[in-house]
DNA sequence: GTGGCGTGGCTTTTT
DNA sequence: GCCACGCCAC
């Protein structure tokens, strides 16, 4: 038998070797979905049904994309040149870089991250003189991204005369679009929408890509939003073949536009689809699986599947009731202290980020190393963004957002008034802020400071222009005054910032091989900002959302209380089924040991609230659960009133 | 430019 | 009840 398929079970093999057509793979948690996806690609190549440049593989996260590339490489005997594998955003971006002209973008268009986007909107609110209280920039941001995710431009949205809210939002959207277009900025949602429009409106181009990508492999399809679906639909055309892997029970991103209905839509839009179910789980014990199955059975809106395993029952699912969130954390820390396995095999999962602090403190107290996922990414850090902004300005004097960012960072006596003047002139004369700064009439003091800045950039630019990128970073660090600036901060803070800048210089080396090193570097910074490396021997703390796709020997699922999990707003918005899926994701992360924890009271919004156990606990059969009491340890449990 | 004050929000988040 | 952020006054 072909070695590619001999390690597969029957269902996996069916999916991998299915004759050409649209294949939907319903892949339960831990059923080997990445394996099927990568083996399918290898199968197509090795049986000569496809050549590598005919394949496009899309995922949602960079992590998944990297994993996929790696696994394809190890499966294949020769490298798969010409195969495109990446995130939706990454591939859309690639198309726009190649076809910037028909996409109506400047060659050096820049990617806007979430923070930059908000900055632009704030400024727009000021120029348009909109009341920030009533129409907050954050809400506008949400509105705009929501529209783009749906594939809608401002002009596509019909509005009633009387609807002031919508009218206002639309005019902001419109103004924002104009600003972005004028300054060559592209936000994340725009990458997708723009590349969709690019293909839609250029039939020759579309046809060439339809010809090329005859096989489209899609991961986590349940998380696609409207524009991603439209994009795929367009690209598949009449000849392409879809191979789509999904799990409707793990759809947890509805809140940011994911459309679980896309699964049904796909089956309607493409007549000849074939569904393969992967229901054998290779991850968890029978007890853990049975719990997950029982829980998710309470959802009405699902395709329905039943995961099974050959694994034995294992130990029961443990349930711990704490008196307070502090006690909950102490219990978890104590259990981890007693754990004899590897620490990175332990995860503490919770619904909201705010819950992490209590666990941090408990772990700290016991001297247990931990790592929290989430929070600021490397390229989102202040010092990194500051330095990158200098690099941007060195390349392009007309980059207004870079200009604004660094003109007075570090402080060099150019105040808000001065900047406002510059902005005013720029708007009036329709030029960049850099150009405006050269001619703006100012009082001597402000004028001198501003000219000194312009001069600094010009001289720096001369000095640096033939240096490799990483040396540019070093030079900018010193000449800009950022180094001195950060050194003034608290010692630890300063050290961290300087370390990050070193790291940035280091990262820059990897891009020196490109023809446009800085552009490649900046794109990477915006689009592929990976979280730091998973450090060894640390307990992992993360939200349930962050845990998707991961697995651990020992899992603590915490804060299982009504109003927290399921979260209050979800109950009100009746998106309870999504909360349940989130719980399902949490349970199925565990391989061998699972603890469900809840507290009878919790300090929230400045009050101590009394909590009832989550309905999800009650949905797991009693016979699978064993309640645990904290063994009486010094200082624990004995002084506090114990309920029950 | 800094510090003090007031206000809003407070679920999840990748790119 | 706390924090972050924006605004204003000095």
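Numbering (the numbering used here), first residue to last: 6 to 649. Quick reminder that beta carbons are idealized off the backbone N, C-alpha and C, glycines included. In this text the structure is predicted, and so the values were computed from the model without any measurement.
Per DSSP, residue 170 has no beta-bridge partner at all. With contacts defined as CB atoms closer than 8 Å, residue 229 and residue 267 qualify as a contacting pair. For the pair of segments examined, the segment 315-328 was found not to touch the segment 503-516: the number of CB pairs separated by less than 8 Å stays below three. Membership of residue 481 in any beta strand (DSSP E) is not indicated; the residue belongs instead to the alpha helix (DSSP H) covering 474-484. Using a Cβ-Cβ distance cut-off of 8 Å, the segment 343-355 and the segment 556-567 are in contact, since at least three pairs of beta carbons, one from each stretch, lie closer than that value. With fewer than 16 other beta carbons inside 10 angstroms of its own, residue 260 counts as exposed.
Around residue 194, the same chain offers 150, 153, 154 as residues with beta carbons nearer than 7 Å, after the five sequence neighbours per side are excluded. In the assembly as shown, residue 528 is a buried residue. Its beta-carbon has 16 or more other beta-carbons within 10 Å.
Each of 53, 58, 83, 91 was checked against the Cα of residue 71, and the nearest Cα belongs to 91. Beta-bridge partners assigned by DSSP to residue 63: 91, 223. Collapsing the DSSP output to three states places residue 244 in coil.
In the three-state DSSP reduction, residue 207 falls in the coil class, being neither helix nor strand. A Cβ-Cβ contact shorter than 8 Å links residue 563 with residue 337. By the neighbour-count definition (other C-beta atoms within 10 Å, threshold 16), residue 298 is a buried residue.
Out of 376, 605, 210, 289, the CA that lies nearest to the CA of residue 542 is found in 376. Closest option to residue 431, judged by alpha-carbon separation, among 441, 239, 424, 425: 441. In the three-state reduction of the DSSP assignment, residue 107 falls in the coil class, being assigned neither a helical nor a strand state.
Inter-segment contact for the segment 490-503 and the segment 77-84 is absent: fewer than three beta-carbon pairs are separated by less than 8 Å. Here the alpha carbons of residue 567 and residue 620 stand approximately 7 Å from one another.
In the three-state reduction of the DSSP assignment, residue 563 falls in the coil class, being assigned neither a helical nor a strand state.
Rounded to the nearest angstrom, the Cβ distance from residue 17 to residue 35 is 13 Å, too far for a contact under 8 Å. The Cβ neighbour count for residue 373, taken over all protein chains shown within 10 Å, is at least 16; the residue is labelled buried.
Among the bridge pairs identified by DSSP, residue 327 is matched with 604. Nearest in C-alpha terms to residue 290, of all of 313, 608, 214, is 313. Contact annotation: the segment 213-224 touches the segment 234-249, with at least three C-beta pairs closer than 8 Å.
The C-beta separation of residue 148 from residue 178 comes to about 7 Å, placing the pair in contact by the 8 Å criterion.
With a contact defined as Cβ atoms closer than 8 Å, residue 605 and residue 588 miss out at about 19 Å. In this structure, the CA atom of residue 159 is about 6 Å from the CA atom of residue 175. Apart from sequence neighbours up to five positions away, the residues of its chain that approach residue 172 with a beta-carbon distance below 8 Å are 164, ordered along the chain. Non-local C-beta neighbours of residue 480 in its own chain, meaning closer than 8 Å and more than five positions away in sequence, comprise 465, 468, 469, 472, ordered along the chain. In this structure, the beta-carbon distance from residue 602 to residue 367 does not fall below 8 Å. Contact check for residue 569 against residue 594 fails: the beta carbons are separated by 8 Å or more.
Beta-bridge analysis with DSSP links residue 557 to 595. Between residue 87 and residue 233, the alpha-carbon positions lie close to 22 Å from each other. When secondary structure is reduced to three states using DSSP, residue 191 falls in the strand class. Each residue's CA atom was taken as its position, placing residue 74 and residue 126 some 37 Å apart.
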